[in-house]
Amino acid sequence: MTDQTVALRTSTPASPDPTDTTDVARTHPDPAVPTLSVTLADVEAAHRTLDGVIARTPIEQSRALGRLTGSTVSFKCENLQRAGSFKVRGAYNRMAKLTEAERARGVVAASAGNHAQGVAVAAARLGIAARIYMPLGVALPKLAATRGHGAEVILHGHTVDEALAEAKRYADSTGAVFVHPFDNVDVVAGQGTIGLEILEQVPDVDTILMGVGGGGLLAGVAVAVKARAKELGREIRIIGVQAENAAAYPPSLAADALVPLTKVSTIADGIAVGRPGQLPFSIIRELVDDVVTVSEDSLARALIFLLERSKMVVEPAGAVGVAALLDGKLTEDGADPGNTVVVLSGGNIDPMLMLKVIQRGLAAAGRFLVVRMLLDDRPGSLATISRIIAESDANVTGVDHTRVGGSISMGDVAITINMETKGDEHCEQVLSNLRAEGFQPVVIQG
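In our numbering, the protein residues as written are 1 to 446.
Rendered as structure tokens:
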């Protein structure tokens, strides 16, 4: 077992968290015969509840990704869902079951954006007042969209976990109904309806791949798909993917207990959760086949791939499955993923973040190179560098020229050059040509 992948297993349930106040309706009465907290019947009931409320999102085959991986790959396009992500499924299913008295008290939730919008959309449709806590620094489009759906938004804390804690305090003090983003039976069942749709749209699916933060989506899909596969007498693999800088599931699964992270830092804000949900965790360890992790550079490359090859606008959290396939995570042990469906779980990306991610993704793919060099401060030096770059068939997109700095000697000048390149080999050729002329380029990005 490595820190990059955790093969799951059936195990004795972990001890419950005494501080956990979420709604967990069922427990394991007998560790030898686990009874899951969410069942196929729950997911089927949620499917009926959501009929006419959500969009049945399309399946799009990716021939480009299929050629790269040697398998058939399709996307379940939840980035095209109402409010831009799958979250409306669980939020509506949870809130539709509230009593009139509970609806009158209103609902409260916390989210970095997608759950917030899902709750806001569901609340507006059901006529319920909604108060949403979002972390400081939340993407402005997600903030504006949540308010645009009619919810009251309060900015609090620097992480989703801090916003969650404040939302719980508000619920305790006012009686408002707390709508948890993942640690709730009805929320998990709502998310699981994606699994039912995939089985209807791709009956011969062999592997389903999706991102995981708190675990509601992964747990719900696993419940629906594994139960249906058992009825059909076949195996369907369920794989979760986390950003490696926000991967709470691998250590938790290894310890067979919830292990919170001390730090979460990733561009995939939709899955930047420092502690798995108790309810999803209890399901995931029983049903999910694997959890793998991907780097930030891999995420950036996946977004570029989706934009260029599939014409899909997807947020980083929704692209982790594509990143895992591009990295070969599903075939590291020689396994054949077969007919694979990747859930593109959301498309709510801040344009400013997209700009940064595109630049990082291009650099990771060897298509954008930034170098810094010291050279003699005399006429012709910059012209020489420009000639070398031009003869190397690279394109300069930006130049920074300075004579002042702690590492710059008298008579020297520092040059930082941004270039468009054509891949890793081309980058190395440009660098080699510069070195051959006596320059010492230091790669800043690329």
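Built from N, CA and C at the ideal position, the CB exists for glycine as well. Remember, predicted model here, so these are calculated numbers, not experimental data.
**Asked** So, helix, strand or coil for M354, using DSSP?
**Response** Helix at M354.
**Prompt:** What separation, rounded to the nearest whole angstrom, lies between the Cα atoms of L303 and T421?
**Reply:** Taken atom to atom, the span from the alpha-carbon of L303 to that of T421 is near 19 Å.
**Asked** Nearest to V357 by alpha carbon, out of R234, H115, A383 and I267?
**Response** The option with the nearest alpha carbon to V357 is I267.
**Request:** In the DSSP assignment, find the unbroken beta strand (DSSP E) run with V73 in it and report its ends.
**Result:** Start and end: V73 to C77.
**Item:** Distance, A222 Cα to I236 Cα
**Value:** Between I236 and A222, the C-alpha separation is close to 9 Å.
**Item:** 3 or more residues per run - each beta strand (DSSP E) lying fully within the stretch 195-240
**Value:** Taking only runs of at least 3 residues, the beta strand (DSSP E) segments lying wholly in the stretch 195-240 are 207-211.
**Item:** Neighbour-count burial assignment, H115, 16 or more Cβ in a 10 Å radius
**Value:** Classification for H115: buried.
**Prompt:** Which ranges would you report for the alpha helix (DSSP H) in the stretch 66-151 if only whole runs of at least 4 residues count?
**Reply:** If we require 4 residues or more, the alpha helix (DSSP H) runs fully inside the stretch 66-151 come out as 87-95, 100-105, 114-126 and 140-148.
**Asked** Roughly how many angstroms separate the alpha carbons of G423 and A364, rounded to a whole number?
**Response** If you take the alpha carbons of G423 and A364, they lie about 9 Å apart.
**Request:** Using 10 angstroms around the beta-carbon of N395, count the other beta-carbons present and answer buried if the total reaches 16, otherwise exposed.
**Result:** When all chains shown are included, N395 counts as exposed.
**Prompt:** Which residue comes first and which comes last in the alpha helix (DSSP H) that contains E286?
**Reply:** Its alpha helix (DSSP H) spans residues Q278 to L287.
**Request:** Tell me, please, which residues DSSP counts as bridged to T340.
**Result:** V73 and T207, per the DSSP bridge assignment.
**Prompt:** What distance in whole Å lies between the Cβ atoms of L50 and G190, which are believed to be in contact at a cut-off of 8 Å?
**Reply:** Right, their Cβ atoms sit about 7 Å apart.
**Request:** Please go through the stretch 371-409 and give each complete alpha helix (DSSP H) segment of 4 or more residues, from N-terminal end onward.
**Result:** Within the stretch 371-409, the complete alpha helix (DSSP H) runs of at least 4 residues are 381-391.
**Request:** Express the C-alpha separation of N433 and E391 in angstroms, rounding to a whole number.
**Result:** Going from the Cα of E391 to the Cα of N433 covers about 9 Å.
**Request:** For A120, collect the residues of the same chain with a Cβ closer than 7 Å to its Cβ; drop the 5 residues on either side in sequence, then sort them by chain order.
**Result:** A130, I132, T146, H149, G150 and A151, listed in sequence order.
**Message:** As a quick exercise: from R67, A123 and G66, pick the residue whose alpha carbon is nearest that of R89.
**Reply:** Among R67, A123 and G66, the Cα nearest to that of R89 is on A123.
**Item:** For N348, three-class secondary structure by DSSP
**Value:** N348 falls in the coil class under three-state DSSP.
**Asked** Within this structure, are the beta carbons of T174 and G338 separated by less than 8 Å?
**Response** Contact flag unset, no.
**Request:** Output yes or no for whether 8 Å exceeds the beta carbon distance between P441 and V341.
**Result:** P441 is not a Cβ neighbour of V341, given a cutoff of 8 Å.
**Residue interval of the beta strand (DSSP E) (run including A503)** = Limits of the chain in this structure are 1 at one end and 446 at the other, which puts residue 503 out of reach.
**Message:** Quick check on A32: buried or exposed, where buried means 16 or more other Cβ atoms within 10 Å of its Cβ?
**Reply:** Any reading at A32 is ruled out, since the residue's pLDDT is 43, under 50, leaving its predicted position unreliable.
**Request:** In angstroms with no decimal places, state the Cα-to-Cα distance between V273 and A246.
**Result:** Between V273 and A246, the alpha-carbon positions lie close to 7 Å from each other.
**Asked** Going by the CB atoms, is the gap between G137 and H158 shorter than 8 Å?
**Response** It is a contact, given that the beta carbons lie within the stated cut-off.
**Item:** Selection from I271, A55 and D42 that minimises the alpha carbon distance to G213
**Value:** Here the closest residue by C-alpha is I271.
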